[in-house]
Every structure is written in C-alpha cells, then in structure tokens.
Amino acid sequence: MPSFYNELFINDQEIAAALIGEERRQQDGVELIPSENYTYPEVLELLGSVFTNKYSEGYPGRRYYGGQQYTDSIENLARQRACSLFRAEHANVQPLSGSPMNQAVYLGLLQPGDTILAMDLSHGGHLTHGAPVSHMGRLFNLVRYKTAPSNGAIDFDELRAIAREARPKMVLCGYSSYPRDLDYAAFKSIADEVGALTMADVSHYGGLVAANVMRNPLDAGFDIMTTTSHKTLRGPRGGIILCRKENAGRIDASVFPGLQGGPHMNVVAGIAVTLKKAATSDFQVYARQVLHNAKVLAGALMERGMKLVTDGTDNHMMVVDTVASVGLDGRAAEDVLDAIAITTNKQVIPDDPRPPLRPSGIRLGTPAATTRGMGDPEMRRIGEFIAGALQANGDDAVVARLRSECIEMCRAFPVPGVVSRSRPN
Ligand code: DSN
C-alpha cells in the first residue's frame, strides 16, 4: 500500500471505505455521464500535493501573500499553455469551477439588469446561462432562443429578429445537453449587428476544441470563451476564461477580488499539466475517438429502436427520449441502467412537459469510456446493454445477466488512477 493512503486507512476507516467503494464503482461500471471523465494520475498526485496548502490571492508577480516563487511559475505556465492551445490573447485559470467562471464573466463585463440572449435550458443551455433558479437569472434579463428538435438546427433569421427586439448586451452560446456543433460566425454576425458581446461556454467540449476536432469560437472572433477543465479536457475540476487583451483586466478583477479569494493552487498545477497533455498528438487521437465512439453508440441505440433527440450526434453526447423509446421516464431509465452498472443522468428534452426530476430522457456521452480505451466493439455492446435493459420490462434475470456482462467487459479497461494505487482489502 503506498504511503498516500496510510494515514487515511489508520485514522478514518469510514471515509477510507467510501473511497474504496467509489474506486470499485468506477472500475466495475461504464461511465456515460458526458460531463465526467477520469483525470490523469499526474493530476491526482498534484491534487493531493503541498500546493493545496498555499494561499495565492492576486496574480503572478502581484500577490497579497509571500512565498509565491513556485505558485507563480505554475500559474504562468497554465496561462501560457491555455493561450497557446486555444489561440487566445489572455487566460484566467483561477475560477474554482464552471459556475463561478461564468458568473465572473457576466459580473465583470455586464451591469445588473442587462439583457443576455442565451439558449433555452431544455434545448441544451446550462443552468449557469441564467436559468431562473440561478442567482444570475435574478440579476440579469435573460431572453431565450430555441433549436429545432428534429435536427437541432438554430434558425438564425429568427435569432436575428429576437436580438433586434431584445437588444442584448451579450449573445451567449455553448451547451450541456445539445448534441450538435454551433455556427459561431452566425452568432457573431448577429451580435455585431446589435452591438453585443459574444461569449461561448464550451465547458463540455473544451477538450474537443483544444484538439481542433470541433470549432473554436475564438477563431470566429468571439470576445469570451469559457471552459471547465475536467470534462473532455480530463483535468482537475476548475474553470478557464479566455479572452482578448482588451477585456483581460476586467476579467481578472472580476475573478479576484470580485468573486473569489485564494485560488486553489493544487488545481492550477493540475490544469497546467492537463493543458500540456491536451497539446499532444495522443490527445488529438483521443478526441477523434470520443467523437467516433459517440457516433457508433448513437447508431447502435437507434438500430435498437431508441429515439435520440435530433436523431443522432455530432459531438460527444446524445440525449435519448426514453419516454418515446420505451415508455420510461428519465429517472426510471437512469435507475434501470444503474442496475446494470451503466451510469447516466436523467435529462430534460426540448420543451419537456415533464419536471426536471422525472424528465423525458437520459443523457449519454463517450469521454470517460474512451479514456479507458473502449472503442467500436465496446460501444456496440454498450448500445446492446442499454437497449436490452430498457426494453427488459423489469425482468430481473435479464438485468442480472446484463450487469454481469457489463462488469466483465469493464475488467479489461482499467480506470486511470485506480489501478496505479494498490489498496488493502
Ligand atoms: N454538471 C455538468 C453537466 O453535467 O453538464 C455541468 O453542469
């Protein structure tokens, strides 16, 4: 047993038992929540390193505490790597995660009461894009655009008409449950017409943008791009704001001291490592495989009668309308799949008539399974497992068989960070 775990096993066996349980859960099951991934062993090491002890309010060269020679170095590396990878002029790597990251942008560049034009939540937008239940939804005036459920298309003539009427200060795009890519140039031209800032939240697909397998909004002249660091990027849980130099001062001041105190330097160190890895050819191979796997899984599900929102995917995720497919709401479908060791999340579909805790669908994605090395054969098998379980009508024997086949399949694909640490039994 490595020394990393010694103290925990001696001093808190309840938490140690939960850790072992979670490691086993991650190793034995297929993770299909599209926002989850397995981070690098190097990142796990850094998260548990002495960088967690350090306070570093401020920015490199301008800190409010002493002893920053090493923290300045890692934050500078993280910022430089982010700018180079995403072709940005400025990067802030301090946001503690996705919500504060987006809040810092709105609060730094807009005034309370300003209008933001953003994608409707049920069509794929995110809670932090000003959903009524979020504080940002109370502070700003949100106007929504929708997509065509048949193919996911955005009607840019309609969007232009909404923008002319609403006169937004910001046009916001990006998504967490929309299975297509976006035409950033079309958003930018509408924003320019009404004098609005452009912001894209690519949190879900930041790694795919980094690998140049999906479009980069900054290439289309967007003012701001935000991404979390832990989804397709595979890093620690954090946020990155990318912008032009002209907005750098307002963004930095908004993150600190506007919204946050000391950044988590163990996370910043992990982000720096993650960004170095994301610039490699290995990562491009990974990103292409994430997209390929999503297409194979989507095809396997549709062949077995599953109805997908927009009838497929162009990115790493898909939304299955489980009510239309098998008459199960998303919560019931999530539970059935949990029972066969496949983790998904319940998901609203466009204009869902059902409530968020019992919505009409589930959301699936391939970043985590691809990290484990799963490819075409596994995606086809996972499609069979999912369709088989959802169509089993609660037959316990079918569920037990699928669970055992799924766990058996997973044994051949170690989870990074679990196998590298031996553990007591
Ligand atoms: N929780 C992440 C997601 O699942 O999309 C981001 O909010």
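Start counting the sequence shown at 3; every next residue gets the next number (this note's numbering).
Think of the CB as a built atom: it goes at the ideal place given N, C-alpha and C, for glycine as much as any other residue.
From a predicted model like this one, the values you see are computed outputs, not experimental measurements.
Residue i: CB within 6 Å of a non-hydrogen atom of the ligand DSN
{"i": "Ser178", "result": "yes"}
{"i": "Glu231", "result": "Reading off the sequence, residue 231 comes out as Ser, not Glu. False, no ligand heavy atom lies under 6 Å from that Cβ."}
{"i": "Ser37", "result": "yes"}
Local Cβ density within 10 Å of residue i, reported as buried at 16 or more and exposed below that
{"i": "Val52", "result": "exposed"}
{"i": "Arg89", "result": "exposed"}
{"i": "Pro134", "result": "exposed"}
{"i": "Met3", "result": "Low per-residue confidence applies at Met3: pLDDT is 41, beneath 50, and the placement is therefore not dependable enough to give any value."}
{"i": "Pro265", "result": "buried"}
{"i": "Pro219", "result": "buried"}
{"i": "Asp178", "result": "Reading the sequence as shown, one finds Ser at residue 178 and not Asp. So Ser178 ends up on the buried side."}
{"i": "Glu160", "result": "exposed"}
{"i": "Arg140", "result": "exposed"}
{"i": "Tyr147", "result": "buried"}
{"i": "Pro426", "result": "Note that Pro426 scores a pLDDT of 49, beneath 50, so its modelled location is shaky; the value from the coordinates is reported in the next line. Pro426 comes out exposed."}
{"i": "Gln82", "result": "exposed"}
{"i": "Tyr40", "result": "buried"}
{"i": "Glu33", "result": "buried"}
{"i": "Ala155", "result": "exposed"}
{"i": "Ala281", "result": "exposed"}
{"i": "Asn94", "result": "buried"}
{"i": "Asp353", "result": "exposed"}
{"i": "Gly68", "result": "exposed"}
Rounded separation between residue i and residue j - CA only
{"i": "Cys175", "j": "Met201", "result": "6 Å"}
{"i": "Met376", "j": "Phe415", "result": "7 Å"}
{"i": "Gly126", "j": "Asp183", "result": "12 Å"}
{"i": "Leu261", "j": "Ile192", "result": "30 Å"}
{"i": "Ser422", "j": "Thr373", "result": "Interpretation of Ser422 is limited by its pLDDT of 49, a score under 50 that renders its predicted location unreliable; the figure taken from the coordinates is listed afterwards. Using only the alpha carbons, I get a separation of about 15 Å."}
{"i": "Val204", "j": "Ile12", "result": "42 Å"}
{"i": "Pro62", "j": "Val311", "result": "45 Å"}
{"i": "Asp337", "j": "Asp398", "result": "13 Å"}
{"i": "Ala20", "j": "Arg65", "result": "38 Å"}
{"i": "Met1", "j": "Gly209", "result": "Nothing about residue 1 can be read from this structure; the chain reaches only from 3 to 427."}
{"i": "Leu10", "j": "Ile17", "result": "8 Å"}
{"i": "Leu98", "j": "Gly241", "result": "6 Å"}
{"i": "Gln469", "j": "Ile35", "result": "Outside the displayed span of the chain (3 to 427) sits residue 469, for which this structure offers no information."}
{"i": "Pro379", "j": "Lys233", "result": "23 Å"}
{"i": "Arg403", "j": "Asn317", "result": "31 Å"}
{"i": "Phe285", "j": "Val298", "result": "20 Å"}
{"i": "Val196", "j": "Lys278", "result": "38 Å"}
{"i": "Ile344", "j": "Met138", "result": "34 Å"}
{"i": "Thr230", "j": "Ala271", "result": "15 Å"}
{"i": "Asp194", "j": "Val257", "result": "26 Å"}
{"i": "Pro114", "j": "Tyr108", "result": "9 Å"}
{"i": "Ile409", "j": "Arg27", "result": "10 Å"}
{"i": "His431", "j": "Tyr72", "result": "Residue 431 lies beyond the stretch modelled for the chain, which goes from 3 to 427, so this question has no answer here."}
{"i": "Ser283", "j": "Arg290", "result": "11 Å"}
{"i": "Ala255", "j": "Glu248", "result": "13 Å"}
{"i": "Ser424", "j": "Gln29", "result": "Bear in mind that the predicted position of Ser424 carries a pLDDT of just 49, short of 50, making it unreliable; the figure below should be weighed with that in mind. Looking at the two C-alpha atoms, the distance is approximately 13 Å."}
{"i": "Ala84", "j": "Ala341", "result": "40 Å"}
{"i": "Asp323", "j": "Asp74", "result": "48 Å"}
{"i": "Ala106", "j": "Gly100", "result": "10 Å"}
{"i": "Gln393", "j": "Phe387", "result": "10 Å"}
{"i": "Leu366", "j": "Thr149", "result": "19 Å"}
{"i": "Ile226", "j": "Thr130", "result": "15 Å"}
{"i": "Lys171", "j": "Leu293", "result": "34 Å"}
{"i": "Glu44", "j": "Pro418", "result": "10 Å"}
Residue i versus the options, residue with shortest Cα-Cα distance
{"i": "Asp122", "options": "Ile384, Glu77, Leu277 and Ile351", "result": "Ile351"}
{"i": "Gly329", "options": "Ile364, Leu49 and Thr345", "result": "Ile364"}
{"i": "Leu112", "options": "Phe142, His92, Gly132 and Thr368", "result": "Phe142"}
{"i": "Asn104", "options": "Thr228, His92, Ser37 and Arg333", "result": "Thr228"}
{"i": "Met267", "options": "Asp185, Gln71 and Tyr57", "result": "Tyr57"}
{"i": "Val173", "options": "Ala250, Gly132 and Gln28", "result": "Gly132"}
{"i": "Ala212", "options": "Glu160, Val287 and Asp194", "result": "Val287"}
{"i": "Phe158", "options": "Thr130, Arg169 and Ala187", "result": "Ala187"}
{"i": "Thr315", "options": "Ser152, Ile342, Arg306 and Ala222", "result": "Ser152"}
{"i": "Arg239", "options": "Ala341, Ile273, Gly23 and Ala155", "result": "Ile273"}
{"i": "Tyr42", "options": "Asp313, Gly100, Thr276 and Ile253", "result": "Thr276"}
{"i": "Ala198", "options": "Ala168, Asn214, His206 and Arg217", "result": "Ala168"}
{"i": "Ala222", "options": "His206, Pro102 and Arg246", "result": "Arg246"}
{"i": "Asn295", "options": "Met304, Ala281, Met319 and Gly307", "result": "Met319"}
{"i": "Arg333", "options": "Glu386, Val322 and Leu359", "result": "Leu359"}
{"i": "Leu79", "options": "Thr117, Gln96 and Phe387", "result": "Gln96"}
{"i": "Ala391", "options": "Glu47, Val420 and Arg306", "result": "Arg306"}
{"i": "Arg382", "options": "Leu339, Ala302 and Val321", "result": "Ala302"}
{"i": "Glu77", "options": "Val269, Arg405 and Tyr67", "result": "Val269"}
{"i": "Phe515", "options": "Ala389, Leu119, Leu366 and Val321", "result": "Residue 515 falls outside the range modelled here, since the chain spans only 3 to 427, and no answer is possible."}
{"i": "Ser406", "options": "Met308, Ala300, Leu339 and Val292", "result": "Leu339"}
Cβ-heavy atom distance, residue i to the ligand NAD, below 6 Å
{"i": "Val420", "result": "Only the ligand DSN can be found as ligands here, which leaves the ligand NAD out of the picture."}
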